[in-house]
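Asker: Take any residue in the sequence shown, count from 1 to its spot, add 165: that is its number in the working numbering. No residue lacks a Cβ here, since even glycine has one placed at the ideal position from N, Cα and C. Sharing a structure here in structure tokens format.
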Amino acid sequence: MSASHPRLVVVGGGILGTMHAIEGARRGYSVVHLERDEEPLGASVRNFGLIWVSGRAGGGELDLALRARERWEEIALLAPGAGFRANGSITLARSEAELAVLEEAVGRSDARLRDLALMTPAQVRATNPAVLGEVRAGLWCGRDATVEPRRTLPALRNGLESTGSYSYLPSRQATEVRPHAVRDHTGQWHEGDIVVCCIGAWPGGFLAEALAAAPLRRVRLQMLETEPFLEPVTTSLADGDSLRYYPAFAGEALQGLPPQADVAARWRAQLLLVQRVGGELTIGDTHDYSEPFPFDVDDEPYRHLVHVAAALLGSDLPPVRRRWSGVYSQVTDDRLYYRAEVAPGVVVVTGPGGRGMTMAPAIAEETFL
Ligand SMILES: Cc1cc2nc3c(=O)[nH]c(=O)nc-3n(C[C@H](O)[C@H](O)[C@H](O)COP(=O)(O)OP(=O)(O)OC[C@H]3O[C@@H](n4cnc5c(N)ncnc54)[C@H](O)[C@@H]3O)c2cc1C
């Protein structure tokens, strides 16, 4: 379009849209970025902020996660406000059966790529002195990292604004596409060499038809945050139930796990815990696949998650400060995410599931290949 700079239009201010804006700017595009809300409110600000390599399936999924992890580290240098920390994680086993799953993981050929190590309880405590509860062992992953999800998007946009060829247009809802262009609700058309729509879990009218047959489903999660916890929790933490949800742990030893506790099974719960820079603990999560989703959050899984977290830390938690739910879009076939051209020069990218915060930089890179 423009003789000097190619032009990229991005729809959606979540992490996928923002990483596409960053990737476009890196490749010399001038970027126009539309977001429906005044400030994004979707999955990208409701998550843990875990850049989670440990749980990814070996092969293509791990390769993409490792590339994303590398890009996150580079991007974080330009956006220090995102709070990127290479803090690593420890997945804690409390039984012999869980320990067997960890042993299987460290025995795999890709363990070194993930920087995995099996830890005794004493090594767990030396690495993360906040873990004072009874544990049988820990699985260290040195490639896992964290960002601050409530600060990341504005911090990334600040970095983009300094390029001089980026304009962010909040409170603009995309309503229609035609080849190489998208119209917002004010009637303005935005033309681009490429238009990338990263509209998250709720595509709305303008893409509803294009996505009607796409292999996508929505998943709803419940989360909480405590008041500041006084001890530093130096790594992110996961419990043994997380082994059931992350594909990295699929294998013979996983079959040896006893059934989950009733409440955890009912809510498809796992414990993930990360300390925010202000000391608060973000704790989750649950998984609900059946729509329509409830509009309220339910107390039962919170009581369970707080109980598990307190048992692992060997200490009462501070009072809960906030609770919320979030919904992500997930591909239901063997793709890692969904990308489709819905009109010439107009691409939709969504469906990364529970790994979108991790994978977004590498997914954006692939869009331009
Ligand atoms: C509770 C929870 C915890 C999670 N934890 C993690 C984690 O720790 N690590 C990890 O890797 N992943 C995690 N995930 C997954 C991750 O958050 C998502 O995969 C990712 O945020 C999806 O990003 P997105 O940009 O596609 O969607 P969103 O963040 O939902 O952004 C989509 C944006 O598009 C905008 N939009 C939609 N329609 C229009 C339109 N018509 N016009 C203009 N704008 C529009 C929306 O307003 C929204 O801001 C978690 C998800 C949830 C819900």
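To the nearest angstrom, report how far apart residue 490 and residue 504 are at their CA atoms.
Answerer: The residue given as residue 490 occupies position 325 in the sequence shown. The residue given as residue 504 occupies position 339 in the sequence shown. Those two C-alpha atoms are separated by around 26 Å.
Asker: Grab the span of the beta strand (DSSP E) containing residue 515 for me, first residue to last.
Answerer: Within the sequence shown, residue 515 is the residue found at index 350, counting from 1. 511-515 is the span of the beta strand (DSSP E), which, as asked, contains residue 515.
Asker: Along the chain, where does the alpha helix (DSSP H) containing residue 351 start, and where does it finish?
Answerer: As a working note, residue 351 is residue 186 in the sequence shown. First-last for residue 351: undefined, no H or E at that position.
Asker: Within 10 Å of its beta-carbon, does residue 443 have 16 or more other beta-carbons around it, so buried, or fewer, so exposed?
Answerer: Taking the sequence shown and counting its residues from 1, one reaches residue 443 at position 278. Exposed, because fewer than 16 other Cβ atoms sit within 10 Å of the Cβ of residue 443.
Asker: Run the CB neighbour count on residue 390, radius 10 Å, all protein chains shown included, and call it buried at 16 or more, exposed below.
Answerer: Taking the sequence shown and counting its residues from 1, one reaches residue 390 at position 225. Residue 390 comes out buried.
Asker: In this structure, how does DSSP classify residue 303 when only helix, strand and coil are distinguished?
Answerer: Translated into the one-based positions of the sequence shown, residue 303 becomes position 138. Strand at residue 303.
Asker: Taking the beta carbon of residue 367 as the centre, do at least 16 other beta carbons fall within 10 Å, making it buried, or is it exposed?
Answerer: In the sequence shown, residue 367 corresponds to position 202, counting from 1. Residue 367 should be labelled exposed.
Asker: What I want to know is whether the C-beta of residue 339 ends up closer than 7 Å to one or more non-hydrogen atoms of ligand 1.
Answerer: On the sequence shown, residue 339 is found 174 positions in, with the first residue counted as 1. Result yes, Cβ under 7 Å from ligand 1.
Asker: Taking the Cβ atom as the reference point for each residue, do residue 305 and residue 253 lie within a distance shorter than 8 Å?
Answerer: The residue you call residue 305 lines up with position 140 of the sequence shown. The residue you call residue 253 lines up with position 88 of the sequence shown. Yes, Cβ-Cβ distance for residue 305 and residue 253 is below 8 Å.
Asker: What are the partner residues of residue 489, as DSSP defines its beta bridges?
Answerer: As a working note, residue 489 is residue 324 in the sequence shown. According to DSSP, residue 489 bridges with 388.
Asker: Please classify residue 170 as buried or exposed, where buried requires at least 16 other C-beta atoms within 10 Å of its C-beta.
Answerer: Locating residue 170 in the sequence shown gives position 5, counting from the first residue. By the neighbour-count rule (16 or more Cβ atoms within 10 Å), residue 170 is not buried but exposed.
Asker: Could you give the uninterrupted runs of the beta strand (DSSP E) lying entirely in the segment 283-340, keeping only those of 3 residues or more?
Answerer: Runs of the beta strand (DSSP E) inside the segment 283-340: 302-306, 331-334.
Asker: At a cut-off of 7 Å, is residue 411 close to ligand 1 when judged by its beta-carbon and the heavy atoms of the ligand?
Answerer: By one-based count along the sequence shown, residue 411 stands at place 246. Every heavy atom of ligand 1 is 7 Å or more from the Cβ of residue 411, so no.
Asker: Does the beta-carbon of residue 423 have 16 or more other beta-carbons within 10 angstroms, so that it is buried, or is it exposed?
Answerer: One-based indexing of the sequence shown puts residue 423 at position 258. Counting Cβ neighbours within 10 Å, residue 423 comes out exposed, since fewer than 16 surround it.
Asker: Does DSSP put residue 240 in a helix, in a strand, or in coil?
Answerer: Locating residue 240 in the sequence shown gives position 75, where the first residue counts as 1. If DSSP states are grouped into helix, strand and coil, residue 240 belongs with the helices.
Asker: Quick one: what's got a C-beta closer than 7 Å to residue 237's C-beta in the same chain, skipping five residues either side?
Answerer: Within the sequence shown, the letter at position 72 stands for residue 237. Correct list, in chain order: 216, 249, 310, 526.
Asker: With H, G and I counted as helix, E and B as strand and the rest as coil, what does DSSP make of residue 187?
Answerer: Counted from its first residue, the sequence shown places residue 187 at position 22. If DSSP states are grouped into helix, strand and coil, residue 187 belongs with the helices.
Asker: In chain order, what residues of the same chain lie with their CB nearer than 6 Å to the CB of residue 200, ignoring the 5 residues before and after it?
Answerer: Taking the sequence shown and counting its residues from 1, the one referred to as residue 200 is at position 35. Only 178, 335 meet the Cβ criterion.
Asker: Is any non-hydrogen atom of ligand 1 found closer than 7 Å to the C-beta of residue 200, if you look at the structure I gave you?
Answerer: For the purposes of this step, residue 200 is identified with residue 35 of the sequence shown, where counting begins at 1. For ligand 1, at least one heavy atom lies less than 7 Å from the Cβ of residue 200.
Asker: Do the segment 492-502 and the segment 329-348 touch if we need at least three Cβ pairs shorter than 8 Å?
Answerer: Touching, no, given that fewer than three Cβ pairs across the two stretches are closer than 8 Å.
Asker: For a quick check, are the C-beta atoms of residue 511 and residue 344 less than 8 Å apart?
Answerer: On the sequence shown, residue 511 is found 346 positions in, with the first residue counted as 1. On the sequence shown, residue 344 is found 179 positions in, with the first residue counted as 1. Yes.
Asker: Please report how far the alpha carbon of residue 303 lies from the alpha carbon of residue 288, in whole angstroms.
Answerer: Translated into positions along the sequence shown, residue 303 becomes position 138. Translated into positions along the sequence shown, residue 288 becomes position 123. For residue 303 and residue 288, the distance between alpha carbons rounds to 8 Å.
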